[in-house]
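Structure first, commentary second.
2 protein chains.
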Amino acid sequence: MADYSYNQVTPELIEEFKKIVPGKVFTGDEINADYSHDEMPIYGKGAPTVLIEATTTEDISAIVKLCFENSIPVIPRGAGTGLTGASVALHGGVMIDMSKMNKILEYDKENFVVRVEAGVLLNDLAEDAQKQGLLYPPDPGEKFATLGGNVSTNAGGMRAVKYGCTRDYVRAMTVVLPTGEIVKLGATVSKTSTGYSLLNLMIGSEGTLGIITELTLKLIPAPKETISLIIPYENLEDCIATVPKFFMEHLQPQAIEFMEKEIVLASERYLGKSVFPQQLEGVDIGAYLLVTFDGEDMESLEEITEKAAEVVLEAGAIDVLVADTPAKKKDAWAARSSFLEAIEAETKLLDECDVVVPVNQIASYLTFVKSLESNYDFTIKSFGHAGDGNLHIYACANDMDEAEFKKQVADFMDIIYKKAAECGGLISGEHGIGYGKMDYLAAFAGETSMRLMKGIKEVFDPKMILNPGKICYKL
Amino acid sequence: MADYSYNQVTPELIEEFKKIVPGKVFTGDEINADYSHDEMPIYGKGAPTVLIEATTTEDISAIVKLCFENSIPVIPRGAGTGLTGASVALHGGVMIDMSKMNKILEYDKENFVVRVEAGVLLNDLAEDAQKQGLLYPPDPGEKFATLGGNVSTNAGGMRAVKYGCTRDYVRAMTVVLPTGEIVKLGATVSKTSTGYSLLNLMIGSEGTLGIITELTLKLIPAPKETISLIIPYENLEDCIATVPKFFMEHLQPQAIEFMEKEIVLASERYLGKSVFPQQLEGVDIGAYLLVTFDGEDMESLEEITEKAAEVVLEAGAIDVLVADTPAKKKDAWAARSSFLEAIEAETKLLDECDVVVPVNQIASYLTFVKSLESNYDFTIKSFGHAGDGNLHIYACANDMDEAEFKKQVADFMDIIYKKAAECGGLISGEHGIGYGKMDYLAAFAGETSMRLMKGIKEVFDPKMILNPGKICYKL
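Here the protein sequences come in this chain order: A and B. Residue numbering for the first sequence follows full-length UniProt numbering, starting at 1 and increasing by one per position. Residue numbering for the second sequence follows full-length UniProt numbering, starting at 1 and increasing by one per position.
Below, the structure is given as structure tokens:
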């Protein structure tokens, strides 16, 4: 590993920044403490020396060039909703707040794309596209992340089972490289075999290879109708076993989420609203599927619903509750969307993982994870995307010493990451590596792949100034 | 640029190879002349010193290690159906014929994937999957390419408009790196945010970053029915203008191909069969769309067909001919699939490009290309994927001197590649860069992107032995 060192940001340099973006440069007490951490405070341990609100690609380029010349770390930050510390300024330096570049620039309805600044929030694009009769299919749980952040982690979300992940919707991007150079990658086309895919390399690179400033994203015509089903089961095994049957029957759900009883109860405490039945026909419910179908008209959706009901009831579901009005659908999905907040609201110490395993391994994997609970002083809560094997597993504690919590969690994570690999899965489905998961990535990927990743990082960032100490390169 | 030099393959080294893969090592006259070129003979200008039939990942690893130690070029070759010289041994060395690793290893019907050796032909997987009730959606025109070759060019094909490209169906792969190390990338999951996507970097890298030996590919349940429409128009402009309307009406065609009259006539001469009408209602037909829809039952397909007919007739189509029997569908698509062979059969000198432009630019782009024809002594024929803007443009000559042909084609390509970029398109939709298109890639991508690509190549291949002189690195 090469030796990299950084310089302090000097007052002269701050003056230079102010000349480039007057009124957008902040230091010291002007910087809110929120900029020292993301949504997972356990990974918060560094504040930037300077915070700059992003304005244009050209301004960012000028700022990064100065940082490159002076060996100053640069950390791009979206809305700070990450869960692995990827946007934390571990080595100080200049943080660029991308959430200020938040304009939806242009819809191209003939080619079904939209051009946006990278700081646009997912929720804002989703709502705006809907008004145009269009759908931006990626639907990560956190609606108030920036699209640049979504691309940087290849965020997946609820609808990945039918529509794929963020990667599948990125047609083109403008990037400021660690040298300050600006490159445009991709085009408004769906096919490409035009050299190494720098576009795909940038996707999921968590702000370590370049700062994404503008995106051209694919849209699709919005399905006219949706219908959601709440499907209760006695236990998680029965619940998960149903999942492949949806596909074999060509039912094409837009989303299939699973949730265990405990997390549903936490959500109901948080929202003060009960949506999911807890007992049915004398049976205690242990787990649920929440399934959504989309289509062109209610008639065909009702047909699909009937077929789906037949399939799941035969496979052990206790009942099928149809959410066919806007209010019912909203309640069911609001419950699902509040899981993380519900956990946060009643938990002092929190860590999580978002492994992804083959769909037919979910049940046995979760049974294994649950079996570990008695070894630790924290509790384990889980939910996730049953259609694609992406599991969110939370270690939660209220009465533990932080150091002890971290120690026990490290042990727990080590075991469950290894198990995920044994099951043919991966370390992270959508949250990324940041710096919180670096050791697990290294153990999983192996020396050769890590050498390649480090080599790629060095090619893009010869002075190691961009978001240093993340993914593959410890500093 | 660093200085790389290669050693000759010595008799001793050949003996070493023979120890690793007895009976699979060929030299001199034992090597068929076909191994000196791909499907585009104009890019054939190098023969390997040694040809080795691939057996296992481990054997390839052992062979590549020897080549790495001895600085011998290694060139992986699939079925040799490429169109840019990507598999030509420009610097001699060892060619590894991957088409001999052609076993379909295992279907996993719960996770909807199949594991194959990289030398399996697309056609073989397509037919075998169909027998299992499954569909491998990518459908490049050349059915007798290897799947490893498809992945190496991110092949697109007919069904990309609905189902995406090869990239979207690669879940995992085993790769032998230029150092001989074996890495496994990806997993049987659809979501990932697990470090830089080496998997996606490998896809489309045309055998320059590693030798793909095994693939885990995504399958989908096979649609139960398909129906095809032949839609004749007076001219290409009207024809192309219809295309976005299919999407706005949510009709989701599986494929939309356009073809000009001249290429249809060539195909009919080649096949001795007339499928497409040449005059209708007193109007001379100038262009056609060939559209396929898929679905669960004929009833819903007939509804879609009716709606599609309404839309296109209103937009200027002369008629809509329905191919709803297996024989009619086969004839229509056989005509489309024979275009390249039909051109080859009546052409002595041939070069091509496969630019991709935004869908709403196809008509004006092709009008521009056609307007250049009078400047040259060759004729221009075109067809392509109207749904995704991927155009196949052929320069064809029978009475030209080869040097003069190459000179004129270089001039022509230079102009049309520049125009594609101006239209917001890319150099290649699916054929790749190989060595035939390197100058055009360099001009299009620009210095910075090319520096990054070269840097990546150096990280993977420090001695520059794997498929040297392709994509980004001239030697």
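All C-beta atoms in this analysis are idealised placements derived from N, C-alpha and C, irrespective of residue type, glycine included. These figures come from a predicted structure and were not determined experimentally.
Name the chain A residues that come within less than 7 Å of Lys191 (chain B), Cβ to Cβ?
Counting from 1 along the second sequence, the entry for residue 191 (chain B) is found at position 191. For Lys191 (chain B), the C-beta contacts it makes with chain A under 7 Å involve Gly156, Ala160, Cys165, Val356, Asp388, Asn390, Gly429 and Glu430, in order along the chain.
Proximal residues of chain A, C-beta to C-beta of Ala403 (chain B) below 9 Å:
For the purposes of this step, residue 403 (chain B) is identified with residue 403 of the second sequence, where counting begins at 1. Simply none; closest approach about 28 Å.
Given a limit of 7 Å on CB to CB distance, which residues of the segment 221 to 251 of chain A reach chain B?
Pro221, Pro244, Phe247, Met248 and His250
Checking 8 Å against the spacing of the C-beta atoms, do Ala172 (chain B) and Lys184 (chain B) come in under that value?
As a position in the second sequence, residue 172 (chain B) is number 172, starting the count at 1. As a position in the second sequence, residue 184 (chain B) is number 184, starting the count at 1. Contact: yes.
Within 7 Å: the Cβ of Phe258 (chain B) and any heavy atom of the ligand ADP?
In the structure shown, the ligand ADP is absent, as is every other ligand, since no ligand is present at all.
Quick one: grab the DSSP three-state call for Asp439 (chain B).
Position 439 of the second sequence, counted from the start, is the residue given in the question as residue 439 (chain B). Three-state DSSP puts Asp439 (chain B) in a helix.
At 9 Å on the CB atoms, spell out the chain B contacts of Ile433 (chain A), in chain order.
In the first sequence, the residue the question calls residue 433 (chain A) occupies position 433. Chain-order list of chain B residues neighbouring Ile433 (chain A): Ser193, Thr194 and Gly195, by C-beta distance under 9 Å.
Contact residues within the segment 447 to 474 of chain B, judged by C-beta distance below 7 Å to chain A:
Thr448, Ser449, Leu452, Met453, Gly455, Ile456, Val459, Phe460, Ile471 and Cys472
Check each candidate in A:Val21, A:Ala187, A:Val311 and A:Glu15 and name the one with the smallest Cα separation from Val243 (chain A).
Numbered from 1 along the first sequence, position 243 holds the residue referred to as residue 243 (chain A). Nearest C-alpha to Val243 (chain A): A:Val311.
Beta carbons nearer than 7 Å to chain A: which residues of the segment 94 to 111 of chain B have them?
Glu110 and Asn111
From A:Thr367, A:Arg451, A:Lys474 and A:Pro358, pick the residue whose C-alpha is nearest to that of Met438 (chain A); which is it?
Translated into positions along the first sequence, residue 438 (chain A) becomes position 438. Taking only the C-alpha atoms, the option nearest Met438 (chain A) is A:Lys474.
Name the one or two DSSP bridge partners that His392 (chain B) has.
Position 392 of the second sequence, counted from the start, is the residue given in the question as residue 392 (chain B). Answer is B:Phe383, bridged to His392 (chain B).
On the three-pair Cβ rule with 8 Å, is the segment 278 to 286 of chain B touching the segment 400 to 413 of chain B?
no
Any C-beta of chain A sitting closer than 8 Å to the C-beta of Lys19 (chain B)?
One-based indexing of the second sequence puts residue 19 (chain B) at position 19. No, no contact with chain A.
Could you compute how far the alpha carbon of Lys143 (chain B) sits from the alpha carbon of His431 (chain B)?
In the second sequence, counting from the first residue as 1, residue 143 (chain B) sits at position 143. In the second sequence, counting from the first residue as 1, residue 431 (chain B) sits at position 431. Spanning the two alpha carbons is a distance of roughly 14 Å.
Partners in chain A for Asn360 (chain B), counting only beta-carbon separations shorter than 7 Å:
Walking along the second sequence from the start, residue 360 (chain B) turns up at place 360. Within 7 Å Cβ-Cβ: Glu110 and Asn111.
Please check if any C-beta of chain B sits within less than 8 Å of the C-beta of Lys445 (chain A).
In the first sequence, residue 445 (chain A) corresponds to position 445, counting from 1. The question names Lys, yet the displayed sequence has Ala at residue 445 (chain A). Output row for Ala445 (chain A): interface = yes.
Listed by chain order, chain B residues near Thr153 (chain A) by CB distance under 9 Å:
In the first sequence, the residue the question calls residue 153 (chain A) occupies position 153. Ser193, listed in chain order.
Which residues in the same chain have their Cβ closer than 6 Å to the Cβ of Met453 (chain A), if we skip the five residues on either side of it in sequence?
Numbered from 1 along the first sequence, position 453 holds the residue referred to as residue 453 (chain A). Contacts found: Cys472.
Note down, in chain order, every chain A residue with its Cβ under 8 Å from the Cβ of Ala187 (chain B).
The residue labelled residue 187 (chain B) in the question sits at position 187 within the second sequence. Residues of chain A passing the Cβ test: Val356, Pro358, Gly424, Gly425 and Leu426.
Please classify Pro41 (chain B) as buried or exposed, where buried requires at least 16 neighbouring CB atoms within 10 angstroms.
Counted from its first residue, the second sequence places residue 41 (chain B) at position 41. It counts as exposed.
Going by beta-carbon coordinates alone, are Ile96 (chain A) and Ile211 (chain A) separated by less than 8 Å?
As a first step, residue 96 (chain A) is located in the first sequence; it is residue number 96 there, counting from the start. As a first step, residue 211 (chain A) is located in the first sequence; it is residue number 211 there, counting from the start. Yes, these two residues count as a Cβ contact at 8 Å.
Using DSSP's beta-bridge definition, name the partner residues of Gly157 (chain A).
The count along the first sequence starts at 1 and reaches residue 157 (chain A) at position 157. Paired residues: A:Asp139.
Compile a chain-ordered list of the residues in the segment 121 to 137 of chain B whose CB is closer than 8 Å to at least one CB of chain A.
none
Tell me which residue opens and which closes the beta strand (DSSP E) that Ala287 (chain A) is part of.
Translated into positions along the first sequence, residue 287 (chain A) becomes position 287. Unbroken beta strand (DSSP E) run through Ala287 (chain A): Ala287 to Gly295.
Compare the C-beta of Ile52 (chain B) against all C-beta atoms of chain A and say whether one is closer than 8 Å.
If you number the second sequence from 1, residue 52 (chain B) lands on position 52. Not one chain A Cβ lies under 8 Å of Ile52 (chain B).
For a contact defined as C-beta to C-beta under 8 Å, what are the partners of Glu296 (chain A) on chain B?
For this step, residue 296 (chain A) is matched to residue 296 along the first sequence. Residues of chain B passing the Cβ test: His250.
Return the CA-CA distance between Lys470 (chain A) and Ile31 (chain B), expressed in angstroms with no decimal places.
Residue mapping note: residue 470 (chain A) aligns to position 470 of the first sequence, counting from 1. Residue mapping note: residue 31 (chain B) aligns to position 31 of the second sequence, counting from 1. Looking at the two C-alpha atoms, the distance is approximately 49 Å.
For the segment 249 to 335 of chain A, which segments carrying the beta strand (DSSP E) assignment without a break, of at least 3 residues, lie completely within its bounds, in sequence order?
255 to 260, 287 to 295 and 321 to 323
Just how far apart, CA to CA, sit Glu341 (chain B) and Cys396 (chain B)?
In the second sequence, residue 341 (chain B) corresponds to position 341, counting from 1. In the second sequence, residue 396 (chain B) corresponds to position 396, counting from 1. Looking at the two C-alpha atoms, the distance is approximately 13 Å.
Return the CA-CA distance between Gly28 (chain B) and Thr49 (chain B), expressed in angstroms with no decimal places.
Along the second sequence, read from residue 1 onward, the residue named residue 28 (chain B) stands at position 28. Along the second sequence, read from residue 1 onward, the residue named residue 49 (chain B) stands at position 49. Their backbone Cα atoms lie some 7 Å apart in a straight line.
The beta strand (DSSP E) enclosing Pro11 (chain A), as first and last residue numbers
The residue you call residue 11 (chain A) lines up with position 11 of the first sequence. No beta strand (DSSP E) holds Pro11 (chain A); the alpha helix (DSSP H) holding it covers Pro11 to Ile20.
Give the DSSP-derived three-state secondary structure of Cys353 (chain A) in the structure shown.
Here residue 353 (chain A) refers to the residue found at position 353 of the first sequence. Residue state, collapsed to three classes: strand.
Provide the residue span of the beta strand (DSSP E) that contains Ala172 (chain B), from first to last.
Walking along the second sequence from the start, residue 172 (chain B) turns up at place 172. Val170 to Val176 is the span of the beta strand (DSSP E), which, as asked, contains Ala172 (chain B).
Taking CB distances under 8 Å as the criterion, tell me whether Met1 (chain A) reaches chain B.
The residue labelled residue 1 (chain A) in the question sits at position 1 within the first sequence. With a pLDDT of 48 at Met1 (chain A), under the threshold of 50, the modelled position of that residue is not reliable, and no figure is offered here.
Provide the residue span of the beta strand (DSSP E) that contains Met95 (chain B), from first to last.
For the purposes of this step, residue 95 (chain B) is taken as the residue at position 95 of the second sequence. Note, Met95 (chain B): beta strand (DSSP E), Val94 to Asp97.
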